[in-house]
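What follows is a single structure, written as structure tokens, with notes after it.
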Amino acid sequence: MSGSIFGHMAASLRDYLEELGDHARTGSDLDAARLARTELPRVVAALRAVLDEHRPGRDGRCPTCRTRLFTRAPSPCRAYLTAHLSVLVTEDGAQEDTAEGHRVADRRRVSGRLVDRHRARLAG
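FYI, UniProt numbering numbers position 19 of the sequence shown as 19, with every residue one higher than the one before it.
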């Protein structure tokens, strides 16, 4: 990562999110509840701020995600697509009845592949 301000911001955000995930996975139930009460509102506010920045205009397209001059912005924009895939699609399997465990695992694998494919497209 470069020594730019963006590089430092990206690294600190990545570290914060990794630490948050580690605490949620490995902490006690009480620690997880405390973490949810203190940090979850901040993460939700951050996601809302990003999505507000990418709110579609009257034409249904994102004014922030212009690709080139005089071209139409993608719809849905990458911010909304990434948020949707990361937050909602991967959670669908977790909400299914555990009696159908094989279907849950299959859906998680498919959802994970969709998210991975989308992330690769964003990186490329």
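Backbone N, C-alpha and C fix where the C-beta goes; we use that ideal spot for every residue, glycine too. These numbers were taken from a predicted model, which means no experiment stands behind them.
Give the straight-line distance between the Cα atoms of residue i and residue j, rounded to the nearest whole angstrom.
i	j	result
residue 30	residue 17	19 angstroms
residue 82	residue 42	19 angstroms
residue 8	residue 47	20 angstroms
residue 58	residue 27	45 angstroms
residue 85	residue 6	24 angstroms
residue 3	residue 88	34 angstroms
Which class does residue i belong to by DSSP, given the choice of helix, strand or coil?
i	result
residue 70	coil
residue 29	helix
residue 41	helix
residue 59	coil
residue 4	coil
residue 86	helix
Counting only the same chain and skipping the five closest in sequence on each side, list residues whose C-beta sits under 7 angstroms from that of residue i.
i	result
residue 80	51 and 54
Closer than 8 angstroms by C-beta to residue i: which residues in its own chain qualify, once you throw out the five before and the five after it? Chain order, please.
i	result
residue 23	31, 32 and 35
residue 20	35, 39 and 43
residue 75	56, 60, 61 and 62
Among the residues of its own chain, which have a CB less than 6 angstroms from the CB of residue i, if the five just before and after it don't count?
i	result
residue 77	54, 62 and 65
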